[in-house]
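Here our numbering is used: the first residue of the sequence shown is 4, the next is one more, and so on. Where is the CB? At the ideal position from N, CA and C, for every residue including glycine. Right, one structure below, let's go through it.
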Amino acid sequence: MNELITTLENNSSLIGYLAIDMAVAMFFLGCIRYMMGLFNKLDTTDELATKDNFAFGISMAGGVAAMGIALSGAITGEVAGSYKIELIGMLSYGIAALVLIKAGRYIHDKFALPSFNKQDLIGNRNIAVGLVDAASAIATAIVVRAAIIWVEGISVDTFIALTCVWIVSQVMLVIITRIFEWKYSKNNGITFQTALVNEHLALSIRYSGYLISTAMSVTAASYFIEFNIDELWLGLAQWVVISVVLMVLLTLLTTVAKLLVLWGIDRRQEVEDQQNIGVATIELTTSFSIALLLMALMS
4 MNELITTLEN NSSLIGYLAI DMAVAMFFLG CIRYMMGLFN KLDTTDELAT
54 KDNFAFGISM AGGVAAMGIA LSGAITGEVA GSYKIELIGM LSYGIAALVL
104 IKAGRYIHDK FALPSFNKQD LIGNRNIAVG LVDAASAIAT AIVVRAAIIW
154 VEGISVDTFI ALTCVWIVSQ VMLVIITRIF EWKYSKNNGI TFQTALVNEH
204 LALSIRYSGY LISTAMSVTA ASYFIEFNID ELWLGLAQWV VISVVLMVLL
254 TLLTTVAKLL VLWGIDRRQE VEDQQNIGVA TIELTTSFSI ALLLMALMS
């Protein structure tokens, strides 16, 4: 705190930059609710306060958290050339984050989980689907945040780089979904997406852990690669290779960690057959913890 006070005393203009950053961030957080209402063609007040639709609330909460996570990458504390440049920068990154998070949700709906209509199920209070939707938004935002920190400046090239990293992350998330679905179908004889339609909450919690931890492992790749717009494609190729390696490492470490944390418990039976939310939540936090440790180790 003393260090912050000293910094503000020595650079009074910093308060103005911080105020701009927070004002823009809060504006975009407020936009999430109205954007969801606009795109989904529904009254958010009716869903949240009249119908008490928990599934929609969870889905919207994921969007709000996602925007906050993404924008935290743009608030660096560094002083720009002027208030105008700072405002343009925050607005640009905010719009980019909003578009990429929305596009990530679309990709997840159409390519990762294409067998059902997400909006209809959330409208019918399917909490499992609402939770998965929130997790997919947060996973995308984690990668967008890392990409915003990784790139430099504000130019067309900057946003090309952001988009390319986003594409890499979406491919990884779709791949992990296909693997997750294959394993579940092999053990249970029905598809993972059918289980979500049937409101399998424990399974959605486990899957959310997979999504978020995978996104975190993808972001860890940025620690190894220096941004160079002249060698963007080389950097992206390196990002893909490192992401795959870290995904494999994450899977191995998470498997061992879950075995140790839940020793003596049949995790498949508890989560998939008995829909044990407690065990599923422990799995989610274990996946998150291992991913966080990997990020700390690589940074």
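Alpha carbon to alpha carbon, how far is isoleucine 130 from alanine 58? Give it in angstroms, no decimals.
Taking the first residue of the sequence shown as position 1, residue 58 is located at position 55. Taking the first residue of the sequence shown as position 1, residue 130 is located at position 127. Near 4 Å, if we compare the C-alpha coordinates of isoleucine 130 and alanine 58.
Identify whether tryptophan 242 lies in helix, strand or coil by the three-state DSSP scheme.
Against the sequence shown, residue 242 aligns to sequence position 239. Tryptophan 242 falls in the helix class under three-state DSSP.
Assuming arginine 209 contacts alanine 106 (C-beta within less than 8 Å), just tell me the rounded distance between them.
As a first step, residue 209 must be located in the sequence shown, where it is residue number 206. As a first step, residue 106 must be located in the sequence shown, where it is residue number 103. Arginine 209 to alanine 106, Cβ: 25 Å. No contact.
Taking 8 Å as the cut-off, does the segment 160–170 touch the segment 120–130 (at least 3 CB pairs, one atom from each stretch)?
no
Assuming isoleucine 125 contacts aspartate 112 (C-beta within less than 8 Å), just tell me the rounded distance between them.
To locate residue 125, count along the sequence shown from 1; it is residue 122. To locate residue 112, count along the sequence shown from 1; it is residue 109. At roughly 11 Å, the Cβ-Cβ gap does not stay under 8 Å, so isoleucine 125 and aspartate 112 are not in contact.
Local conformation of asparagine 190 per DSSP, three classes:
Sequence index remark: in the sequence shown, residue 190 carries index 187 (1-based). Here asparagine 190 sits in helix by DSSP.
Assuming arginine 108 is part of the alpha helix (DSSP H), what are its boundary residues?
For this step, residue 108 is matched to residue 105 along the sequence shown. It spans 86–110 - the alpha helix (DSSP H) in which arginine 108 sits, taken as one unbroken run.
Alpha carbon to alpha carbon, what distance is there between proline 117 and alanine 198?
Counting from one through the sequence shown, the residue named residue 198 turns up at place 195. Counting from one through the sequence shown, the residue named residue 117 turns up at place 114. Computed Cα separation, rounded: 14 Å.
Count the other CB atoms within 10 Å of the CB of glycine 65; is the residue buried (16 or more) or exposed (fewer)?
Numbered from its first residue, the sequence shown carries residue 65 at position 62. Counting Cβ neighbours within 10 Å, glycine 65 comes out buried, since at least 16 surround it.
Nonlocal neighbours in the same chain, by C-beta distance under 6 Å from threonine 180, ignoring five residues either side:
Translated into positions along the sequence shown, residue 180 becomes position 177. The answer, listed in chain order, is Ala115.
With DSSP run on the structure shown, which of helix, strand or coil describes alanine 77?
The sequence position of residue 77 within the sequence shown is 74, counting from 1. Alanine 77 falls in the coil class under three-state DSSP.
Taking all protein chains shown into account, do 16 or more other C-beta atoms lie within 10 angstroms of the C-beta of methionine 219, making it buried, or fewer, making it exposed?
Working through the sequence shown from its first residue, we reach residue 219 at position 216. Label assigned to methionine 219: buried.
Note down the Cα distance separating threonine 217 from phenylalanine 183, rounded to an integer number of angstroms.
For the purposes of this step, residue 217 is taken as residue 214 along the sequence shown, with counting starting at 1. For the purposes of this step, residue 183 is taken as residue 180 along the sequence shown, with counting starting at 1. Taking the straight line joining both Cα atoms gives about 12 Å.
Using the rule of at least 16 other Cβ atoms within 10 Å of the residue's Cβ for burial, across every protein chain shown, is aspartate 123 buried or exposed?
Sequence index remark: in the sequence shown, residue 123 carries index 120 (1-based). Under this definition aspartate 123 is an exposed residue.
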